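Just so we're aligned, residue 3 is where the sequence shown starts under my numbering, counting upward by one. Quick reminder that beta carbons are idealized off the backbone N, C-alpha and C, glycines included. The model shown is predicted, which means the values in this text are computed figures rather than measured ones.
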Amino acid sequence: MLFDHELAWINEKIYNEIYKNSISNTADFWEYHIQSISWHKTPYDIFDHKTKSWLSGGVANVCYNCVDRHAEQTPNKPAIVWHGDEKGVRREISYKELQRKIVEISSLLLSKGIKKGDVVGIHMPMTPDAVASMLACARIGAIHLVVFAGFSANSLAYRLEMSNAKVLITSAETRRGGKPIKIKENCQEAIAIMTNKPELIVIDEVNLFNNLKLNEHLELCTDKDDLFVLYTSGSSGKPKGIIHSSLQYILYAATTFKFVFNIDPHDIYFCTSDIGWITGHSYITYAPLFHGLTIVMFEGTPIYPTADRYWEIIERERVSVFYTAPTALRSLQTFDENFVKKHDLSSLKVLGSVGEPINKKAWEWYFNVVGNRHCPIVDTWWQTETGGIVLAPLLDINNQKPCIAGKPFFGIKTDIVNTDSKRVTQPMEEGRLIIENNWPGMCRSVLYECEYSQKSTSKNQTCKNIFLNQYFEDNKFITGDGALYDEDFDIKIIGRLDDVINISGHRLSTIEIEEAIYKVNTVKDCAVVAIDHKIKGQTPFAFVVKNLVDECEDELKKSIIESIRKYIGPIAKPDYIVFVEDLPKTRSGKIVRQLLREIVMNREYDITTISSVHNKEILLSIVQTVSDISVN
Ligand code: WTA
Numbered sequence: 003m004l005f006d007h008e009l010a011w012i013n014e015k016i017y018n019e020i021y022k023n024s025i026s027n028t029a030d031f032w033e034y035h036i037q038s039i040s041w042h043k044t045p046y047d048i049f050d051h052k053t054k055s056w057l058s059g060g061v062a063n064v065c066y067n068c069v070d071r072h073a074e075q076t077p078n079k080p081a082i083v084w085h086g087d088e089k090g091v092r093r094e095i096s097y098k099e100l101q102r103k104i105v106e107i108s109s110l111l112l113s114k115g116i117k118k119g120d121v122v123g124i125h126m127p128m129t130p131d132a133v134a135s136m137l138a139c140a141r142i143g144a145i146h147l148v149v150f151a152g153f154s155a156n157s158l159a160y161r162l163e164m165s166n167a168k169v170l171i172t173s174a175e176t177r178r179g180g181k182p183i184k185i186k187e188n189c190q191e192a193i194a195i196m197t198n199k200p201e202l203i204v205i206d207e208v209n210l211f212n213n214l215k216l217n218e219h220l221e222l223c224t225d226k227d228d229l230f231v232l233y234t235s236g237s238s239g240k241p242k243g244i245i246h247s248s249l250q251y252i253l254y255a256a257t258t259f260k261f262v263f264n265i266d267p268h269d270i271y272f273c274t275s276d277i278g279w280i281t282g283h284s285y286i287t288y289a290p291l292f293h294g295l296t297i298v299m300f301e302g303t304p305i306y307p308t309a310d311r312y313w314e315i316i317e318r319e320r321v322s323v324f325y326t327a328p329t330a331l332r333s334l335q336t337f338d339e340n341f342v343k344k345h346d347l348s349s350l351k352v353l354g355s356v357g358e359p360i361n362k363k364a365w366e367w368y369f370n371v372v373g374n375r376h377c378p379i380v381d382t383w384w385q386t387e388t389g390g391i392v393l394a395p396l397l398d399i400n401n402q403k404p405c406i407a408g409k410p411f412f413g414i415k416t417d418i419v420n421t422d423s424k425r426v427t428q429p430m431e432e433g434r435l436i437i438e439n440n441w442p443g444m445c446r447s448v449l450y451e452c453e454y455s456q457k458s459t460s461k462n463q464t465c466k467n468i469f470l471n472q473y474f475e476d477n478k479f480i481t482g483d484g485a486l487y488d489e490d491f492d493i494k495i496i497g498r499l500d501d502v503i504n505i506s507g508h509r510l511s512t513i514e515i516e517e518a519i520y521k522v523n524t525v526k527d528c529a530v531v532a533i534d535h536k537i538k539g540q541t542p543f544a545f546v547v548k549n550l551v552d553e554c555e556d557e558l559k560k561s562i563i564e565s566i567r568k569y570i571g572p573i574a575k576p577d578y579i580v581f582v583e584d585l586p587k588t589r590s591g592k593i594v595r596q597l598l599r600e601i602v603m604n605r606e607y608d609i610t611t612i613s614s615v616h617n618k619e620i621l622l623s624i625v626q627t628v629s630d631i632s633v634n
């Protein structure tokens, strides 16, 4: 049977063979791979075409699979090696110790009355406690909601409120780049503005676990049970809570991880994402621990106190698989090459990239300088919604192609369609990337403004409908990204086609930023567009119309930035804010953002298509205003 191919250095021929089989016999492919899960009850059905459900009848616990079974077999193996913000601050946690920590946290949650299906918020820095808190939830069937530590109290409050979180776990303190981060205060501020207030647990406060009776309870989860909710941004002003299932998700995350990075149990794996993003869920916490690896976690920033923190850690820990984001590479590339060269990085075997399109210059630096031309780069494309990697190149050192996300994972049928929804058949023709079939990692549902705990049938129905409408057309999953085929029919990602902006790999919505700007009273109108940025990939460019013509622009700029910090967080701050007299709109009142973007990016734009004289005048004046601003 082909699917038992254990060697992941799959060449093109083997890939094509397995891929073809995995598409015609998708259930067989997954049936083979469910064997890597320790089941309490093995599923009786892999995929039900009628209900489109996976793993019916399966019963297992995700925490058991990620930690307990390794704590039994390799108790003293390091599960997490943690490096702090300051150089030399390092801690090792074995699988046995991690299990103990998880049991402590889950016992505490149980003692607070948390039960299966309850939502537990997590707002923490990059520490082993954060990973342990996620797994503690998984252990007792609670649903974790991790909110990125860089989000403001308002953002945190919104997410907690919408998902009806009962408890919020945080840390007493953290440091980043040598500076203290007031994470606990942020939680307190968030709770203060909430109606249904969650109880705050400060995980590293002394005495928290004293006199706590340990409860080793492991909840058995079925194919219907969820693992977590994670908020991300789409085309609307409000973030949406993506809900992932337990069993289907872990199957997809773990299988993709194994193949895409060619994982073996001896690998030392270092991923630089934050746990507040999907990468930190799938490929820091769940998949690597599922496979019993040693993971490296880093709390600080790559340039503090010197710009070699990643390289120093790779050398110290003999990291074999390194997974990072293009924005980090672009920023590190601006420093002297010696920061990399002075470290022995010969342990590296595979390099990964995720979160945004990687540009050629960054790719070449990664390949030549970091990988010393002996590590293949996997440019992995996926989304919060997909649960795990969807596109990745093969690990073929002799056939490396910069900036090509490559081929669909086994069992996933991708396609590129043009504006008439016709399949693209020629190389270089741009279209929309879609997924045509089901896969186990696909999120189960999405939370908008309907509350999780009150999922009555009708409410649930509403959530589902919005969800389906947004993502599916004729049963096809619309990714929101543009793509094309290269001459070998490998896929290249162009970027988002909707209002999603990707700032340093952080996914936000331009509408969300506009809403924060509108909160400033004296703003009459505004439009935010995404423009290219050398390091961050993209950055917001805000056009603002003032209410009062003679209001001081510097003051207003300050209030706008303050409002964005308050309602979203510092990452969403626009690099450019320009004041204009009016904004061009369609007859139905929709701002023509695409045109604004083209003007700012100095791209070809055509205003002859704009019908109203008023709009033409507005545009000409905007062209004048931005012509003085040098972008990049
Ligand atoms: C973008 C992150 C190009 C893409 C895992 C997608 C990428 C969005 C890549 C999802 C890549 C992610 N090349 N673009 N390798 N990986 N993206 O949900 O636009 O935070 O739709 O998931 O990031 O962002 P999200």
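- Leaving aside the five residues that flank residue 161 on each side, the residues in its chain whose CB is nearer than 6 Å to its CB run, in chain order, 149, 233.
- For the pair residue 24 and residue 181, the Cα-to-Cα distance works out to about 50 Å.
- With contacts defined by Cβ atoms closer than 8 Å, residue 516 and residue 502 do not form a contacting pair.
- As DSSP reads the structure, residue 381 sits in a beta bridge with 355.
- In terms of CA proximity to residue 235, 513 leads the group 540, 513, 90.
- Unbroken alpha helix (DSSP H) stretches of 4 residues or longer found wholly inside the segment 520 to 598: 555 to 569, given in chain order.
- By the beta-carbon neighbour count (other beta carbons within 10 angstroms, threshold 16), residue 508 is buried.
- In this structure residue 60 touches residue 249 by the C-beta definition: roughly 5 Å separates them, less than 8 Å.
- Proximity of the beta carbon of residue 504 to the ligand WTA is indicated: a heavy atom of the ligand is located closer than 7 Å.
- Contact between residue 448 and residue 242 is confirmed by a C-beta separation of about 5 Å, below the 8 Å threshold.
- Taking 8 Å as the cut-off, the beta carbon of residue 103 is found no closer than this to the beta carbon of residue 77.
- DSSP, reduced to helix, strand and coil, places residue 619 within a helical segment of the structure shown.
- Nearest neighbour of residue 279 by Cα position, chosen from 363, 318, 126, turns out to be 126.
- The Cβ atoms of residue 64 and residue 123 lie no closer than 8 Å to each other.
- A distance criterion of 7 Å places the beta-carbon of residue 280 in contact range of the ligand WTA, judged by its closest non-hydrogen atom.
- Under DSSP, residue 504 takes part in a beta bridge, and its partners are 509.
- In this chain, the alpha helix (DSSP H) harbouring residue 158 covers 155 to 165.
- Taking 4 residues as the shortest admissible run, the segment 84 to 128 contains the following complete alpha helix (DSSP H) segments, listed from N- to C-terminal end: 97 to 113.
- Under the DSSP assignment, residue 234 falls in the beta strand (DSSP E) whose first and last residues are 228 to 234.
- Per the C-alpha coordinates, the member of 273, 260, 604, 309 positioned closest to residue 38 is 260.
- Residue 302 has its Cβ no nearer than 7 Å to any heavy atom of the ligand WTA.
- In summary, residue 46 is exposed, with fewer than 16 beta-carbon neighbours lying within 10 Å of its beta-carbon over all protein chains present.
- For the pair residue 295 and residue 271, the CB atoms are nearer than the 8 Å cut-off.
- Assignment of residue 431 by DSSP, reduced to helix, strand and coil, places it in the coil class.
- For residue 141, DSSP records no beta bridge to any residue.
- Contact annotation: residue 524 and residue 548 have beta-carbon atoms nearer than 8 Å.
- Shortest gap from the CB of residue 432 to any heavy atom of the ligand WTA: 7 Å or more.
- For residue 394, the closest alpha carbon among the candidates 408, 404, 402 is that of 408.
- Rounded to whole angstroms, the gap between the alpha carbons of residue 34 and residue 389 is 20 Å.
- Sequence-distant Cβ neighbours of residue 583 in its own chain, meaning closer than 8 Å and more than five residues away, are 547, 620, 623.
- Excluding the 5 residues flanking it on each side, residue 315 has same chain C-beta neighbours closer than 8 Å at 85, 272, 298, 300, 321, in chain order.
- For a cut-off of 8 Å, the C-beta gap from residue 225 to residue 55 is around 7 Å, short enough to register as a contact.
- Counting of Cβ neighbours within 10 angstroms places residue 422 among the exposed residues, the total staying below 16.
- Look at residue 482 here: in three-state DSSP terms it is strand.
- Rounded to the nearest whole angstrom, the CA to CA distance from residue 246 to residue 146 is 10 Å.
- Annotated as distal: residue 177 and residue 276, with beta-carbon spacing of 8 Å or more.
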